[in-house]
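K.L.:
Just dropping this structure here.
Numbering (our numbering), first residue to last: 234 to 754.
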């Protein structure tokens, strides 16, 4: 049957059919039960996927709000007013089909998202790049980017390693992930002969969005990102952002949706222990409020918490190699988010989001009133701006928190000089180190959704996935995959998933090769 519905504009988006089965448990059969630990994107997706098939679900989240590393929470200002804080800016790319499918449960038309017209990238002492006028369809997007970019010119193509470049252009997932085992993004770019300016702007900025420096970040993941956002998809390079804070727009509505599905959502409750060895075959968790029991459990916590819970668990179906692979995972360096409520507005022409490179540890600047309703109300009331600066992968040489703040303040003024004399009316400072490191270790050593114990599944952006997905989309995708794994064991239908093409489009590849050959000649 001809495919008629698509999750986006790309006619070559790939549907991954789920396991077949009943849509609900039989009325006279035992109703399956599941515990979902972690209320971030992965945990919400898993809980939704299970509850929509009639599974009795309890979701436990240690914070007061859902959303995990994309949550938002209230902050009281000195004047008694309430604003919000989050863990930083997140881009909702149009290729995030499964995340968008989750959000459509509460916002079918995705009216809670608004398009960002551009996200310019600026290199200290160098060029500024823009994606606003880059076509969406490959290989035209690559040709147009080379034609208009000051940091990657046609002349630079002559210095590109002709063999290495095909590792960017000729991909096949998941094999491509393993093909770069042991190689960092920095080493791959060295081997490729990528021009320095383009290296900083076009790729390193994105690599650091994984909260790692390029010499720690996986080359396979970098190639996957290039495929997903550039040559493998015609969804384009621009993205959307929520029209207000994350909790107001998506997570609180999804919490209410879970409640309507019968899910017990327990926020503000930490999990201390996981027990898979009970004689009755049940899974038990211990929280600050007591003990919870179910048939199965989805571990959708951050990897540090997952490692802690698994390390302390005596499983009746233990597997030393699997446990070792999970305990080998590491966290990325700490990152900082600094939200500043200033006493004046930044210049009107400033973009909503600016990526930066070469400005110390500062990776980007966000002007929140450009898109977030709450920030815009505060901005209008005070005739001032709400500005956020991010440092994605802090290194020891960046110093302590006071030194990092001083550097970020100076670099903000260097990029936006009108902020140099601005007074900070209020600020919120956050430093965390709980993001997974997508490093150079063998791809097949990374823990996947399935575990040796059929009662336990994993989910999150640090969990291995065969699909070319990353960050929030990997979290949503593995959440649904975790639900599908458990549903299949009960004979219940899973949920179809979507991705960009799993391999390079051959017509596009041939055109790209022809373009490169002509320019090089």
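Positions of the beta carbon are idealized from the N, C-alpha and C atoms, including for glycine.
Using 10 angstroms around the beta-carbon of residue 718, count the other beta-carbons present and answer buried if the total reaches 16, otherwise exposed.
P.N.:
Within the chain shown, numbered from 1, the residue matching residue 718 stands at position 485. Counting Cβ neighbours within 10 Å, residue 718 comes out buried, since at least 16 surround it.
K.L.:
Hey, would you say residue 521 sits closer than 8 angstroms to residue 502, going by beta carbons?
P.N.:
The residue labelled residue 521 in the question sits at position 288 within the chain shown. The residue labelled residue 502 in the question sits at position 269 within the chain shown. Contact flag set, yes.
K.L.:
Please say whether residue 536 and residue 564 have beta carbons closer to each other than 8 angstroms?
P.N.:
One-based indexing of the chain shown puts residue 564 at position 331. One-based indexing of the chain shown puts residue 536 at position 303. Cβ distance < 8 angstroms, so residue 564 and residue 536 count as in contact.
K.L.:
List, from N- to C-terminal side, the alpha helix (DSSP H) runs of 4 residues or more that fit wholly inside the stretch 590-666.
P.N.:
You should have 606-615 and 634-648.
K.L.:
Count the other CB atoms, across all protein chains shown, that sit within 10 Å of the CB of residue 317; report buried if there are 16 or more and exposed otherwise.
P.N.:
The residue labelled residue 317 in the question sits at position 84 within the chain shown. That one is buried.
K.L.:
Quick one: Cα of residue 577 to Cα of residue 271, how far?
P.N.:
By one-based count along the chain shown, residue 577 stands at place 344. By one-based count along the chain shown, residue 271 stands at place 38. So the two alpha carbons sit approximately 39 angstroms from each other.
K.L.:
Just checking, does the stretch 691-706 make contact with the stretch 597-604 on the three C-beta pairs under 8 angstroms criterion?
P.N.:
no
K.L.:
Measure the Cβ-Cβ separation of residue 621 and residue 570 and say whether it is below 8 angstroms.
P.N.:
Numbered from 1 along the chain shown, position 388 holds the residue referred to as residue 621. Numbered from 1 along the chain shown, position 337 holds the residue referred to as residue 570. Pairing residue 621 with residue 570 gives a Cβ-Cβ distance under 8 angstroms.
K.L.:
Closest to residue 477 by C-alpha separation, out of 343, 581 and 607, would be which residue?
P.N.:
Along the chain shown, one-based indexing puts residue 477 at 244. The option with the nearest alpha carbon to residue 477 is 607.
K.L.:
Which two residues bound the contiguous alpha helix (DSSP H) that contains residue 473?
P.N.:
Taking the first residue of the chain shown as 1, we reach residue 473 at position 240. Here residue 473 belongs to no alpha helix (DSSP H); instead the beta strand (DSSP E) covers 472-475.
K.L.:
Exposed or buried, what is residue 394 when buried is set at 16 or more other beta-carbons lying within 10 Å of its beta-carbon?
P.N.:
Translated into the one-based positions of the chain shown, residue 394 becomes position 161. Residue 394 is exposed by the Cβ-count criterion.
K.L.:
Considering only the alpha carbon of each residue, which of 470, 566 and 528 lies closest to residue 444?
P.N.:
The sequence position of residue 444 within the chain shown is 211, counting from 1. Looking at the Cα atoms, 566 is the closest of the given residues.
K.L.:
Which residues bound the alpha helix (DSSP H) around residue 486?
P.N.:
Numbered from its first residue, the chain shown carries residue 486 at position 253. Residue 486 -> alpha helix (DSSP H) spans 485-493.
K.L.:
Specify the secondary structure class of residue 338 as computed by DSSP and reduced to three states.
P.N.:
Taking the chain shown and counting its residues from 1, the one referred to as residue 338 is at position 105. Residue 338: coil per DSSP, three-state reduction.
K.L.:
What's the C-alpha gap between residue 494 and residue 295?
P.N.:
Translated into the one-based positions of the chain shown, residue 494 becomes position 261. Translated into the one-based positions of the chain shown, residue 295 becomes position 62. When only Cα atoms are considered, residue 494 and residue 295 end up about 21 angstroms apart.
K.L.:
What span of residues does the beta strand (DSSP E) with residue 506 cover, start to end?
P.N.:
The residue given as residue 506 occupies position 273 in the chain shown. That run of the beta strand (DSSP E) goes 504-508.
K.L.:
At a cut-off of 7 angstroms, is residue 394 close to the ligand ADP when judged by its beta-carbon and the heavy atoms of the ligand?
P.N.:
Ligands displayed in this structure: none; no statement on the ligand ADP is therefore possible.
K.L.:
Taking the alpha-carbon positions, what's the residue 656 to residue 633 distance?
P.N.:
Walking along the chain shown from the start, residue 656 turns up at place 423. Walking along the chain shown from the start, residue 633 turns up at place 400. Going by the C-alpha atoms only, they are around 23 angstroms apart.
K.L.:
Helix, strand or coil: which one does DSSP assign to residue 257?
P.N.:
Your numbering for residue 257 matches position 24 in the chain shown. Correct three-state label for residue 257: coil.
K.L.:
Quick check on the DSSP output: the alpha helix (DSSP H) that includes residue 420 runs from which residue to which?
P.N.:
As a position in the chain shown, residue 420 is number 187, starting the count at 1. 418-425 is the span of the alpha helix (DSSP H), which, as asked, contains residue 420.
K.L.:
Three-state secondary structure (DSSP) at residue 497?
P.N.:
Here residue 497 is taken as the residue at index 264 of the chain shown, counted from 1. Strand, per DSSP.
K.L.:
On a CA-only basis, which of 583, 598 and 658 is nearest residue 590? Give me that one, please.
P.N.:
Along the chain shown, one-based indexing puts residue 590 at 357. Considering only alpha carbons, the answer is 598.
K.L.:
Among 513, 382, 280 and 259, which residue has its Cα nearest to the Cα of residue 491?
P.N.:
The residue you call residue 491 lines up with position 258 of the chain shown. Per the Cα distances, 280.
K.L.:
Let me check one thing: in DSSP terms, what residues is residue 309 bridge-paired to?
P.N.:
Counting from 1 along the chain shown, the entry for residue 309 is found at position 76. According to DSSP, residue 309 bridges with 315.
K.L.:
Straight-line CA distance for residue 596 to residue 357?
P.N.:
As a first step, residue 596 must be located in the chain shown, where it is residue number 363. As a first step, residue 357 must be located in the chain shown, where it is residue number 124. One alpha carbon belongs to residue 596, the other to residue 357, and they sit about 11 angstroms apart.
K.L.:
I need the DSSP call for residue 572, collapsed to helix, strand or coil.
P.N.:
As a first step, residue 572 is located in the chain shown; it is residue number 339 there, counting from the start. Residue 572 falls in the strand class under three-state DSSP.
K.L.:
Give the single residue among 276, 723 and 246 whose Cα lies nearest to the Cα of residue 822.
P.N.:
Past the boundaries of the shown model lies residue 822; the chain is included only from 234 to 754, so the question cannot be answered.
K.L.:
Do residue 247 and residue 345 have their CB atoms nearer than 8 angstroms?
P.N.:
The residue given as residue 247 occupies position 14 in the chain shown. The residue given as residue 345 occupies position 112 in the chain shown. Taking 8 angstroms as the Cβ cut-off, residue 247 and residue 345 do not qualify as a contacting pair.
K.L.:
For chain D, find out if any of its Cβ atoms is closer than 8 angstroms to the Cβ of residue 416; answer yes or no.
P.N.:
Absence of chain D from the displayed structure is noted, only one protein chain being present.
K.L.:
Can you name the residues that DSSP bridges to residue 683?
P.N.:
If you number the chain shown from 1, residue 683 lands on position 450. Answer is 690, bridged to residue 683.
K.L.:
Could you check the C-alpha separation between residue 470 and residue 558 for me, to the nearest Å?
P.N.:
Position 237 of the chain shown, counted from the start, is the residue given in the question as residue 470. Position 325 of the chain shown, counted from the start, is the residue given in the question as residue 558. If I take the Cα positions, the gap works out to 34 angstroms.
K.L.:
Which residues share a DSSP beta bridge with residue 534?
P.N.:
Locating residue 534 in the chain shown gives position 301, counting from the first residue. DSSP, once it has assigned bridges, lists no residue as partnering residue 534.
K.L.:
Using the C-alpha atoms, what's the distance from residue 586 back to residue 282?
P.N.:
Locating residue 282 in the chain shown gives position 49, counting from the first residue. Locating residue 586 in the chain shown gives position 353, counting from the first residue. Approximately 33 angstroms between the Cα atoms of the pair.
K.L.:
Under the three-state reduction of DSSP, which class applies to residue 429: helix, strand or coil?
P.N.:
As a first step, residue 429 must be located in the chain shown, where it is residue number 196. Helix at residue 429.
K.L.:
Out of 551, 403 and 240, which has the shortest C-alpha to C-alpha gap to residue 331?
P.N.:
In the chain shown, residue 331 corresponds to position 98, counting from 1. Measuring from the Cα of residue 331, the nearest candidate turns out to be 240.
K.L.:
Can you confirm whether the stretch 721-737 touches the stretch 292-311 when touching is taken to mean that 3 or more C-beta pairs between the two stretches lie within less than 8 angstroms?
P.N.:
no
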